[in-house]
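Okay, structure first, notes after.
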Amino acid sequence: MKTVWKTFALALSVAIAAPALAHGDSPAGTQPHGPVMSADQMYKAFGWDFDNTEIKTEKLADGFYVLFGLGGNIAVSVGTDGTLIVDDQFPQLMPKIKAALKEVGSDDVDFVINTHWHFDHADGNLTLGKDGSWIVSQANSRDKMLSNNIVNFGPFATEQKAYPQHALSDITFDTTMQFHINDQTIELLHVGPAHTAGDAAVLFRGVNAVHMGDVFNNSGYPFIDADNGGDLAGMIAFCQAVHDAIDDDTRVIPGHGPVADRAKLARYIEVLTIVQDRVQALIDDGKSLQEIMAARPTADFDTEFQANEMMLPSFLSRVYASLTRE
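Residue 257 in numbering that gives the first Met the number 0 sits at position 258 of the sequence shown, with consecutive numbering throughout.
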């Protein structure tokens, strides 16, 4: 969420200044959070301009593309069998997304796979579901779509409303699933709790690519949705499982940021493992979250991960929440 982190300070100031939603009762095991923004407050605070957003297309292979806009990256497989996409951003962008799809030879979206249930990856379901696209997700993601949820970033939070029936997953899986479409095998893999409790990696074997959703972020430190089942150790394990299932030539599509490779994923695993060990050691020494932040356990990685003074409190608070959750 590079755009998110760049405007994090603005988001927080607007959330505090604007009438925030009541916190209400937090589910058992959740962590305290700052002001809760509605979707409209969040869009305004983050500076998301749907009208002026351009959808950019990168071709990775014949019949296989990545679309970049606002929200999660969209992978596209298009061919004689139809169109399958991974993630779908926002309904406000759907006319532009459909125009970009038409440019690469797609008239309709037959299948959309949600890597997880967060709004910036799955709100496009609101349009595509009505259009007749089949929606696919890991079973835990569909469960989250059924209810209102608070997505807790630490310093602030946002409300995500339950999806209507037409925007829910039509097809779910537990750990693995396969599609055979457009002359390639597409494998869906769920390893366990990671970014959320319902993440899916999507491996396109025919073109040697994988879409990892927000389990792999190539634009900064990741967001671990610890209040909704996310887990740092699980994120590391999930990334390692995908790393072991691909090769050095695989194109790795992150949830956010530019397309990467297996070496970049390996480095991501290495850094998250080091941060986990450092923060756990501080927790074992009885340090509070504030003391852990003051110790700067990520300092030697902050430039590499494009961190700023607002990203770090969120990242470390979610690491802390993950490691201290009972």
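Positions of the beta carbon are idealized from the N, C-alpha and C atoms, including for glycine.
Practice task
Would you tell me roughly how many angstroms separate the C-alpha atoms of R204 and T175, rounded to the nearest one?
Solution key: 14 Å
Handout entry: Segment contact, 8 Å Cβ cut-off, at least three pairs: the region 122-131 with the region 231-250
Key = no
Practice task
Can you have a look at D226 and say buried or exposed, based on whether 16 or more other CB atoms are within 10 angstroms of its CB?
Solution key: buried
Practice task
Just the C-alpha distance for A74 and M41, rounded to the nearest angstrom, thanks.
Solution key: 25 Å
Problem - V206 in three-state terms, based on DSSP - result: coil
Handout entry: As assigned by DSSP and simplified to three states, the class of I54
Key = coil
Handout entry: Neighbourhood of H189 by C-beta distance below 6 Å, restricted to the same chain and skipping five residues each side
Key = Here H189 has Q137, T174 and A199 as same chain residues with Cβ atoms under 6 Å from its own Cβ, once five neighbours each way along the sequence are excluded.
Practice task
Please go through the region 106-152 and give each complete beta strand (DSSP E) segment of 3 or more residues, from N-terminal end onward.
Solution key: 110-112, 133-137 and 148-151
Handout entry: Continuous alpha helix (DSSP H) stretch holding F237: start and end
Key = L231 to A244
Exercise for the section: Determine contact between the region 290-307 and the region 257-276, defined as no fewer than three beta-carbon pairs at a distance below 8 Å. Expected result: yes
Handout entry: Reference D132; option with closest CA among D142, D169, D230 and S146
Key = The amino acid at residue 132 is misidentified as Asp; the sequence shows Ser. Out of D142, D169, D230 and S146, D169 has the C-alpha closest to the C-alpha of S132.
Practice task
Give the DSSP-derived three-state secondary structure of H330 in the structure shown.
Solution key: No statement about residue 330 is possible, as the shown extent of the chain runs from 0 to 325 and does not include it.
Handout entry: Cβ-based burial, K160 [other Cβ within 10 Å; buried from 16]
Key = The residue in question, K160, is exposed, as its Cβ has fewer than 16 Cβ neighbours within 10 Å.
Handout entry: Residue span of the alpha helix (DSSP H) that contains R277, given as start and end
Key = For R277, the enclosing alpha helix (DSSP H) starts and ends at R261 to D283.
Practice task
Please go through the same chain and pick out, in chain order, the residues whose beta-carbon is closer than 7 Å to the beta-carbon of R317, but skip the five residues on each side of it.
Solution key: G153, F222, I223 and A225
Practice task
Answer yes or no: does any C-beta atom of chain C fall closer than 8 Å to that of K143?
Solution key: Considering every chain present, this structure includes no chain C. It has just one protein chain.
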